[in-house]
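Taking mature numbering (1 follows the signal peptide of the UniProt record, and there is no 0), I'd label the letters of the sequence shown as residues -22 to -1, 1 to 141. Think of the CB as a built atom: it goes at the ideal place given N, C-alpha and C, for glycine as much as any other residue. For clarity, every value in this text was computed on a predicted model and none was experimentally measured. Take a look at the structure set out below.
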Amino acid sequence: MKQIFRSSLLVALSVASLGAWAQSRLKVEDAWVRGTVAQQKATGAFMRLTAERDSRLLAVRSPVAGVVEIHEMALNDGIMKMRAIPGLALPAGKTVELKPGGYHVMLLDLKAPVSAGEQVPLTLLLEGQDGQREQVELQLPVRALNAQPMGHGHQQHPSGHMR
């Protein structure tokens, strides 16, 4: 009975994410959102992305924020600056890390605080070299405000489920 349930669950998860998984073969690891405090209107989302084929992360959307941007933090003339970028290259087979202090996703104009233990839905919009676009739906766990990235090895399927 457990085997039938497991098989049914795998089929359901596969069907739910088949479009994005079959087209982009994007591996998402250690995805999370930093929790906020009352009145805080912005936070970051972090993850490691590995695309099977050359792709570009064009945009990110989330219903919890009025604006979602892909950002880069860079040291310019001795000053750390953060700026929105129009997209992020995902070279085939190479892991691109979105982390505090580097590339990341900014969730701006938050509609409500996000707290540890909650889940934040994110939609990644990708484009392949052939111009074909696809969406990858994720559910990211919220970690405490002072949280740091987890160690490597926790894989997350595009459906947002850990595997």
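With a beta-carbon spacing of about 4 angstroms, Ser33 and Leu68 fall inside the 8 angstroms limit used to define contacts. CA-CA distance, Gly22 to Asp108, rounds to 30 angstroms. Only residues of its own chain outside the window of five on either side were considered, and among them Arg3 have a CB closer than 6 angstroms to the CB of Glu30, listed in chain order. Using a 10 angstroms sphere on the CB of Arg26, the tally of other CB atoms reaches 16 or more, which defines it as buried. Distance between Thr28 and Thr73, taken at the CA atoms: about 4 angstroms. Under the three-state reduction of DSSP output, Glu7 falls in the strand class. Distance from the CA of Met58 to the CA of Leu35, rounded to the nearest whole angstrom, comes to 23 angstroms.
Taking the Cα of Lys77 as reference, the smallest distance to any Cα among Gly65, Glu105, Gly95 and Ile48 is reached at Ile48. Ala37 has its alpha-carbon roughly 11 angstroms from the corresponding atom of Arg111. In the DSSP assignment, Asp87 falls within the unbroken beta strand (DSSP E) covering His82 to Leu88.
DSSP places Ser93 outside both helix and strand once states are collapsed to three, so it counts as coil. Contact annotation: Val42 and Leu102 have beta-carbon atoms that are not nearer than 9 angstroms. By the neighbour-count criterion, in which a residue is buried when 16 or more other Cβ atoms sit within 10 angstroms of its Cβ, Gly56 is exposed.
If you check the CB distance, Gly79 and Met51 come in under 9 angstroms. When rounded, the separation of the alpha-carbon atoms in Ala62 and Leu100 is 17 angstroms.
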